[in-house]
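Asker: Following this message is one structure expressed as structure tokens.
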Amino acid sequence: MITQACITHGTVCLHLSIYLSIYLSIYLSIYLSISVCLHLLIYLSLFTSIYLSIYHSLLISIYLSIYLSIYLSIYLSRSVYIYLSISVYSHLSIYLSIYLSRSVYIYLSILVYSHLSIYLSIYLSIYLSRSVYIYLSISVYSHLSIYLSIYLSIYLSRSVYIYLSISVYSHLSIYLSIYLSISVCLHLLIYLSLFTSIYLS
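Under the numbering used here, think of the first position of the sequence shown as 1208, with each following residue one higher.
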């Protein structure tokens, strides 16, 4: 009985140990599988997060660099546009000032030449008017002397009249030659002054 009880007790212990080992193995396998899965999940999540962070940082840096390059290009293009517009305006102002200075120079030279021509024509007209005045006074005096000589020749006696008539005729011929030469010179001077004033104006 005792041996049978020991055998049955040993069988039960053996079965219990077998069941316990099976249970433990199943439990451990489940635990270990869960642990492995958890560790795998943790490692996978860490790897995924690291990869995504790197990828996102790369994407963000790429987008930032693109936006920065676009902004810089726009800013630089505006700066270049402003510089070019300033350069163009400065060159235009330089060309315009040169053109206006040349125009002003031409205008001033024309004014100076016109004023010179006016002054020259006035001077010539004054000079010629004085010449004409001198000519007229000489002509009046010569006519008066001629009339006086004629009157004296009529008044004096016939004998003296003959002598005086010869003298008067000689003087008349001299006066006439002088008068004609003076009148020709004065007419030439008048025509020359008129031609010069017309040409200069």
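We put the beta carbon where it would ideally sit given N, CA and C, even for glycine.
Just so you know, these numbers come straight off a predicted model, no measurement behind them.
Could you tell me if Ser1400 is buried or exposed, where buried requires 16 or more neighbouring beta carbons within 10 angstroms of its beta carbon?
Answerer: With 16 or more Cβ atoms within 10 Å of its Cβ, Ser1400 is classed as buried.
Asker: Rounded to the nearest angstrom, what separates Tyr1354 and His1394 at their Cα positions?
Answerer: Each residue's Cα considered, the two are about 25 Å apart.
Asker: From Phe1402 to Leu1331, what distance separates their C-alpha atoms?
Answerer: Their Cα atoms are separated by approximately 11 Å.
Asker: Rounded C-beta distance between Leu1327 and Leu1407? I'm assuming under 8 Å.
Answerer: Indeed, because the Cβ distance is near 6 Å, the residues count as touching under 8 Å.
Asker: Would you call the CB atoms of Ile1389 and Ile1325 closer than 8 Å?
Answerer: No, the Cβ-Cβ distance between Ile1389 and Ile1325 is not below 8 Å.
Asker: Note down the Cα distance separating Leu1387 from Arg1309, rounded to an integer number of angstroms.
Answerer: Computed Cα separation, rounded: 53 Å.
Asker: How many angstroms separate the CA atom of Cys1392 from the CA atom of Tyr1398?
Answerer: Using only the alpha carbons, I get a separation of about 10 Å.
Asker: Enumerate in chain order the residues of its own chain whose CB-to-CB distance from Tyr1270 is below 6 Å, with the five nearest sequence positions on each side excluded.
Answerer: Around Tyr1270: no qualifying Cβ.
Asker: Taking the C-alpha atoms as reference points, what is the distance between Ile1329 and Ser1316?
Answerer: C-alpha separation (whole angstroms): 20 Å.
Asker: Using CA coordinates, which residue listed in Tyr1278, Tyr1230, Ser1404 is at the minimum distance from His1322?
Answerer: His1322 has its Cα closest to that of Ser1404, out of Tyr1278, Tyr1230, Ser1404.
Asker: Closest to Leu1383 by CA distance: which of Tyr1348, Tyr1358, Tyr1258 is it?
Answerer: Here the closest residue by C-alpha is Tyr1348.
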